[in-house]
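As structure tokens, the structure follows; a few thoughts come after it.
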Amino acid sequence: MSRLVNSLKGVSSRRLRQEFPDLVRHYWRAQRLWSGSYFAGSAGGAPLSLVKQYIEQQNRPL
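Numbering (the numbering used here), first residue to last: 208 to 269.
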């Protein structure tokens with residue numbers, strides 16, 4: 208699983224930096240866009256519409 212996640216992070220980081228050059232200037236010190244950690248969870252077979260509704264109803268940081 209970790210190899211898949213790291214691959215997705217690498218590809219998405221390269222694509223985002225190509226599409227949004229300002230990201231390169233913003234993250235130049237860290238030289239990476241994503242942290243080294245990741246989270247994988249399960250929704251217990253709930254329909255995606257219910258999971259989406261749950262996420263949308265969560266409080267957002269200010």
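Each residue gets a CB set at the ideal place from its N, CA and C atoms; glycine is no exception.
The alpha helix (DSSP H) spanning residue 222 covers which residue range?
-> 209–226
Does the beta carbon of residue 210 sit closer than 8 Å to a beta carbon anywhere in chain D?
-> Of the chains in the structure shown, none is chain D; there is only one protein chain.
Cα-Cα separation, residue 217 to residue 243 = 11 Å
In whole angstroms, what separates the C-alpha of residue 215 from that of residue 265?
-> 26 Å
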